[in-house]
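Going down the list, the sequences are from chains A and B.
Residues 1 to 141 in my numbering are what the first sequence lists, from first letter to last.
Residues 1 to 387 in my numbering are what the second sequence lists, from first letter to last.
Don't be surprised by glycine CBs; every beta carbon is placed ideally from N, CA and C.
For reference, the structure discussed in these notes is given below.
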Amino acid sequence: MTRVIPPNVEPDDEYFWDGVKQHRLLLQACAACGTLRHPPVPMCGRCHATDWGVQDAEGTGYVHSWIISRHPSEPDDQARVVVLVELTEGLRIVANLIDVPFDQVRNEMPVEVCFREIDGVLLPQFRARSGEGFTPPGRPT
Amino acid sequence: MSRASRVAVAGSTIIAGIGQTEFSKYSGRSELQLAAEAACSAIADAGMTPADIDGMVTFTLDTNDELLLMRSLGIPELRYWSRTPHGGAGAHTTIQHAALAVHGGAAKAVLVYRAFNERSGRRFGQPNARVTPPGWNWYLPFGLDTPAKTYSLGFQRYMFRYGLTNEDFGRYAVVARRHAATNPNAWFHDRPITLDDHQSSRWIVEPILRLLDCCQESDGGVAMIVTSADRAPDLPNRAVRVAAVADAHINEGNVMFNYYHGDLAEFPEAQALGRQLYEQAGLGPDDIDAAMLYENFSPVVFLQLEALGFCGPGEAAAFIAEGNIDLTGKLPVNTHGGLLGEAYIHGLNNILEGVRQIRGTAANQLSNPETIMVAGGHSGLILQPAS
């Protein structure tokens, strides 16, 4: 089975994991200038405001890069696909791609967020976006 | 600080001595003992005694306490110490700290060291079992629990952008192991590999890295002595001038998780590093006779060759395949076998090879190299003969 190392929630990312519990993908938004930040930092690098709120991400994006993650020394451990998703908002986030066979994972494929409990830990995951008629771009030669 | 004074900092200091233990998979002794042994040989190589050493620089990740090392060596008085963050990304930063301390008068001779039992003790390549450092919540729960995985997520975009396969990376590994094969100091001495060997080694992170793309886990210690260039004539062994030394970091950059800057097929930190090094030394890529390039994993060589201007974007695979990084090539790279072939002493052993090449004492000695770059993407230096 897939083994998940649970997050060790900290003051600066508690909002995110609280959002996950409600099946929401939350992005940190500067209260003063509106700049979105992920991963979060406690001060806006543009305007230095320390007040911030959260914004629900649209939950859509594209696979920017990906790997197949296996345990290096325990082959029975189930592999999963780790993806770096470029969100529609222009930010990138690391998560997993599910319900896509390993040999069909492609850069730039459209994905959407969903929430799954894996090894007892509720995590944001991404799946192929439905209704997009995606044609894998293939690797350039 | 003005441009002129930055150049002076670099040009005014030398690496006066180098030392190391053997590189192995089981040292059989403590990390402190490895540090002390390496330091002792570096001090002797510089023609100094422990009483001449008044500064120390190591990595924040090094477990060896400065005061215990000081006692072990019998150094009577220390006036300066510092540590550099982010592991191998700061390997060359140690020399920058030491050079600045000497140039600024904080210390006369600085011992730079790194020693660990990274194979027989805590293995860097094994998965993290829990989230500990700040910020890792974004990665570990999703499976990015080893350096091979965290770096591969960036490398994959580079492969996609230029249509590379793992076989392209294998051509670098073959060169590194060929260089190691004729270096008695290398763990993989006398054990070259073929591209077939590489392609039949097991996947570590599919479809990016195979076993033979990964640096070793090693036990060992290395040390160097940095001092003022005006002492060069008095030294028993040839001194090597630090012609340039720089650190380079960018906003939205990262080391283990460098996913957030614009184009992951580029290495903007290494581009910034190259600009600084060339400006300080008044040189360009064509002036570099050989390069020691940090490679925890083989793709890092590709990204650095392009970012440092040795070839164009996307050209590293062809540059390597055409033999340019061989001992007889246009730009010999990792003449000791690199971190894949010699050992992984967190990149600091690459600086020792740069010194040996300038001195003329390398196992795979090049013909009178005058200018060597040693770089690790986020930090690096240029070495030249002191006189």
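Since residue i is in the beta strand (DSSP E), which residue starts that stretch and which ends it?
i	result
A/W66	T60 to S69
A/V20	No beta strand (DSSP E) contains A/V20, which is instead part of the alpha helix (DSSP H) from E14 to K21.
B/W178	The amino acid occupying residue 178 of chain B in the given sequence is Arg; Trp does not appear at that position. Here B/R178 belongs to no beta strand (DSSP E); instead the alpha helix (DSSP H) covers N166 to A181.
A/L97	R92 to I98
B/L140	Where B/L140 is concerned, there is no enclosing beta strand (DSSP E), given that its DSSP letter is neither H nor E.
A/F126	V121 to A128
B/V255	Element bounds for B/V255: n/a, residue is neither H nor E.
B/V112	A109 to N117
B/W136	Unbroken run through B/W136: none, as it is neither H nor E.
B/V205	W203 to V205
B/A291	A290 to L293
B/S387	That residue, B/S387, is in no beta strand (DSSP E); it is neither H nor E in DSSP.
In this structure, does DSSP put residue i in helix, strand or coil?
i	result
B/S30	coil
B/T58	strand
B/T63	coil
A/V85	strand
A/C30	strand
B/G274	helix
B/G104	helix
B/I320	helix
B/W81	strand
B/G38	The amino acid occupying residue 38 of chain B in the given sequence is Ala; Gly does not appear at that position. Reduced to three states, the DSSP call for B/A38 is helix.
B/F188	coil
A/Q104	helix
A/R37	strand
B/N237	coil
B/Q280	helix
B/V223	A quick correction: the sequence has Ala, not Val, at residue 223 of chain B. Three-state result, B/A223: strand.
B/R231	helix
A/D56	strand
B/I372	strand
B/R3	Model confidence at B/R3 stands at a pLDDT of 46, short of 50, so the residue's coordinates are unreliable and nothing is read from them.
B/A363	coil
A/G138	With a pLDDT of 46 at A/G138, under the threshold of 50, the modelled position of this residue cannot be trusted; read the value that follows with caution. Here A/G138 sits in coil by DSSP.
A/P42	coil
A/V4	coil
B/S379	strand
What in chain A is Cβ-close to residue i, meaning under 7 Å?
i	result
B/S152	I67
B/Q156	S65, W66 and I67
B/F319	Here the premise fails: no neighbours, minimum Cβ distance about 18 Å.
B/F124	Going along chain A, no residue has its Cβ under 7 Å from B/F124, so there is no contact; the nearest lies around 12 Å.
Counting along the chain, where does the alpha helix (DSSP H) carrying residue i start and finish?
i	result
B/V333	Unbroken run through B/V333: none, as it is neither H nor E.
B/F160	P147 to Y162
B/G341	G338 to G341
B/L348	L348 to R359
A/E117	Unbroken run through A/E117 is the beta strand (DSSP E), P110 to I118; no alpha helix (DSSP H).
B/Q199	L195 to S200
B/P299	P299 to A307
List the residues of chain A whose Cβ lies closer than 8 Å to the Cβ of residue i, in chain order.
i	result
B/K149	I67, S69 and V82
B/Y344	Within 8 Å Cβ-Cβ: nothing; B/Y344 doesn't reach chain A, min ~16 Å.
B/L339	Within 8 Å Cβ-Cβ: nothing; B/L339 doesn't reach chain A, min ~18 Å.
B/F419	This structure gives no information on residue 419 of chain B, because the portion of chain B shown stretches from 1 to 387.
B/Y80	Ordered by position in chain A, no residue passes the 8 Å Cβ test against B/Y80, which lies about 32 Å from the chain.
Residue i versus chain B: which residues are under 8 Å apart at the beta carbon?
i	result
A/L123	P141 and F142
A/I5	N128, A129, R130, V131, L140, P141 and D145
A/V9	N137
Note down, in chain order, every chain B residue with its Cβ under 7 Å from the Cβ of residue i.
i	result
A/P42	Near A/P42 there are no residues of chain B at all, since even the closest Cβ is about 11 Å away, more than 7 Å.
A/D13	N137
With 8 Å set as the bound, which would you pick, yes or no: does the beta-carbon of residue i sit closer than that to a beta-carbon of chain C?
i	result
A/P39	Although the question refers to chain C, the structure presented lacks it and instead comprises the protein chains A and B.
Against residue i, what residues of chain A qualify as contacts under a CB-to-CB distance less than 9 Å, listed in chain order?
i	result
B/F267	Correct list: empty, because the minimum Cβ distance to chain A is about 14 Å.
B/Y113	Within 9 Å Cβ-Cβ: nothing; B/Y113 doesn't reach chain A, min ~29 Å.
Self-check item: Contact list for the stretch 84-95 of chain A against chain B, Cβ threshold 9 Å
Solution: Listed in chain order, the positions of the stretch 84-95 of chain A with a beta carbon within less than 9 Å of a beta carbon of chain B are L84, L91, R92, I93, V94 and A95.
Self-check item: Against chain A: residues of the stretch 291-308 of chain B by CB proximity under 8 Å
Solution: none
Self-check item: Near-chain A residues of the stretch 194-219 of chain B - C-beta to any C-beta below 8 Å
Solution: W203, I204, V205, E206, P207 and I208
Exercise. Residues of the stretch 167-187 of chain B with a CB closer than 9 Å to any CB of chain A: list them in chain order, please.
Key: Listed by position along the chain: nothing, the set is empty.
Quiz item: Is it a yes or a no for the stretch 279-289 of chain B touching the stretch 369-385 of chain B, going by three-plus beta-carbon pairs under 8 Å?
Solution: yes
Quiz item: Using 8 Å as the threshold, is the stretch 318-331 of chain B in touch with the stretch 107-117 of chain B, meaning 3 or more CB pairs across them?
Solution: In short, these stretches do not touch, since the Cβ pair count stays below three.
Quiz item: At a Cβ cut of 7 Å, what residues of the stretch 108-119 of chain A count as close to chain B, listed as they run along the chain?
Solution: none
Practice problem: Decide yes or no for the touch test of the stretch 208-219 of chain B against the stretch 353-364 of chain B: beta carbon pairs closer than 8 Å, at least 3 of them. | Solution: Per the Cβ contact rule, the stretch 208-219 of chain B is not in contact with the stretch 353-364 of chain B (fewer than 3 Cβ pairs under 8 Å).
Practice problem: Inspect the CB distances between the stretch 88-107 of chain A and the stretch 33-41 of chain A and report whether three or more fall short of 8 Å. | Solution: Under the 8 Å Cβ criterion, the stretch 88-107 of chain A counts as touching the stretch 33-41 of chain A, having at least three qualifying pairs.
Quiz item: Does the count of Cβ pairs from the stretch 91-99 of chain B and the stretch 52-62 of chain B closer than 8 Å reach three?
Solution: Yes, since at least three Cβ pairs between the stretch 91-99 of chain B and the stretch 52-62 of chain B fall closer than 8 Å, the two stretches touch.
Quiz item: Does the pairing of the stretch 10-23 of chain B with the stretch 220-240 of chain B give three or more beta-carbon distances under 8 Å?
Solution: yes
Self-check item: Contact set between the stretch 21-52 of chain B and chain A, restricted to residues whose Cβ is under 7 Å from the partner
Solution: none
Quiz item: Is there contact between the stretch 202-210 of chain B and the stretch 333-351 of chain B, where contact requires at least three CB pairs shorter than 8 Å?
Solution: no
Self-check item: contact_flag[the stretch 65-74 of chain A, the stretch 141-149 of chain B] where n(CB pairs < 8 Å) is 3 or more
Solution: yes
Quiz item: Do the stretch 186-198 of chain B and the stretch 272-287 of chain B meet, that is, are 3 or more Cβ pairs less than 8 Å apart?
Solution: no
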